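Numbering (our numbering), first residue to last: 838 to 1125.
The following block contains the structure:
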């Protein structure tokens, strides 16, 4: 899958997937990190905020497809059995769990893709950082909003260039209210701004406002809940990674007009970038 304006990043990721090693992909919310990971073939893991207080829950997601404990030596096997609740015992040191994980990955030689790595529990972050600094043959690529895994090579995903932002909008025949509404090169924000313009919600001569930083995703729901009831046709979109609120049941009473909720399978949090056709279809459908 080719991503608009991300040829350089995709080339580097593809090369790493073929040769093995580790890489941290860093960028602001909505810049396209998730789409880059999903453009690769591999075992995809997504960090979940709800599991941040569950030690080694993230590591279990990473290892479970090739968790063959019979290939490990006694101490390393025992370490994983304890942290994964397969046997009782004192908590093993992080480096021993890391060595066990490194052995499994070196044997299986997977391509492991970890999205939203900043949401992983701290124990899993510590182990994956240990593994990433030593891994060869297998591949570990993690995406995060903030720098992590000290000593691991990093790729910073920069905002889209203006020409790339224009190209992203062209297939949908959408136009942002003005050039500034490309929202600093964020693919997600570019689509959101264009959608507002297409449906007539953008103010003339002014760009639609989006929350900054951490709220670029989480703030959407809060902003929707705080708005008064509206009487225009509406469509809400959720991904199958969105947790208990993906059904849209909590939104229905906010709309008095025709309403529809759509769920997209296999999509992360960045719907406009990962599923542009489905997103565009929803924008056009609601404006009819």
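For each residue, glycine too, the CB sits at the ideal point set by N, CA and C.
A quick note: this is a predicted structure, and the numbers were derived from the prediction, not measured.
Annotation: residue 881 is outside any alpha helix (DSSP H); the continuous beta strand (DSSP E) that includes it extends over 880 to 883.
By the C-beta density criterion, residue 1090 is exposed, having fewer than 16 other C-beta atoms within 10 angstroms. When the five nearest sequence neighbours on each side are left out, the beta carbons in the same chain lying within less than 8 Å of the beta carbon of residue 947 are those of 879, 880, 902, 903, 975, 976, in order along the chain. In this structure, residue 1069 sits away from residue 981, with a CB-CB distance that is not shorter than 9 Å.
The Cβ atoms of residue 871 and residue 1111 sit closer than 9 Å to each other. Under a 10 Å Cβ-count criterion, residue 867 is classified as buried, with 16 or more other Cβ atoms of the shown protein chains found around its own Cβ.
Between residue 875 and residue 911, the alpha-carbon positions lie close to 36 Å from each other.
With contacts defined by Cβ atoms closer than 9 Å, residue 983 and residue 877 do not form a contacting pair. For residue 911, the three-state secondary structure derived from DSSP is helix.
By the CB criterion at 9 Å, residue 994 and residue 969 fall outside the cutoff.
Your pair residue 961 and residue 894 checks out as a contact, with CB atoms roughly 7 Å apart and the cut at 8 Å. Linking residue 998 to residue 939 through their CA atoms gives a straight-line distance of about 38 Å.
Between residue 941 and residue 956, the alpha-carbon positions lie close to 23 Å from each other. In the structure shown, residue 982 falls within a coil segment according to DSSP collapsed to helix, strand and coil. Listed as beta-bridge partners of residue 1075 by DSSP are 1100. Exclusion of the five residues before and after residue 949 leaves 879, 880, 882, 899, 942, 975, 976, 977, 978 as the residues of its chain whose Cβ lies within less than 8 Å of its Cβ. Residue pairing of residue 977 in beta bridges, as defined by DSSP: 859, 949. In this structure, residue 896 keeps its C-beta atom at 9 Å or more from the C-beta atom of residue 923.
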